[in-house]
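Numbering (the numbering used here), first residue to last: -1 to 76.
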């Protein structure tokens, strides 16, 4: 997994994240980001957009649907 932060101005050190400065707003327009809001774009390994969410809880909702594991337990007593 890779984290890329796209911002309109220079940002400080953000740890392991890659920072891209979008001075002309091309990425913001492409991903329909409203000015001043946080938008999280989840890009699948095949390059397609999996989700666009506006809060961290949206990440949980997206990945819980993908990685949901249903385990049925049939225990019979002999």
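Note that the Cβ used here is the ideal one computed from N, Cα and C, for glycine as well.
Chain-order list of residues whose beta-carbon lies under 6 Å from that of residue i (same chain, five-residue window excluded)
i, result
"residue 77", "With the chain running from -1 to 76 in the structure shown, residue 77 is simply not present."
"residue 42", "48"
Test item: CB-CB of residue i and residue j under 8 Å
i, j, result
"residue 104", "residue 31", "The structure shown has nothing for residue 104, since the chain only spans -1 to 76."
"residue 6", "residue 27", "no"
"residue 35", "residue 52", "yes"
Cβ-based neighbour list, residue i, same chain, cut-off 8 Å, excluding 5 preceding and 5 following
i, result
"residue 59", "51"
"residue 18", "2, 3, 4, 5, 25"
"residue 23", "6"
Spatial neighbours of residue i in its chain, beta-carbon cut-off 7 Å, leaving aside the 5 residues before and after
i, result
"residue 12", "3"
"residue 8", "19"
"residue 29", "37, 39, 50"
Nearest neighbour of residue i, chosen from the options [CA to CA]
i, options, result
"residue 37", "46, 57, 19", "57"
Problem set entry | Unbroken stretches of the beta strand (DSSP E), 3 residues or longer, contained in the region 7 to 56 | With a minimum length of 3 residues, the continuous beta strand (DSSP E) runs that stay inside the region 7 to 56 are 16 to 19, 38 to 41, 47 to 51.
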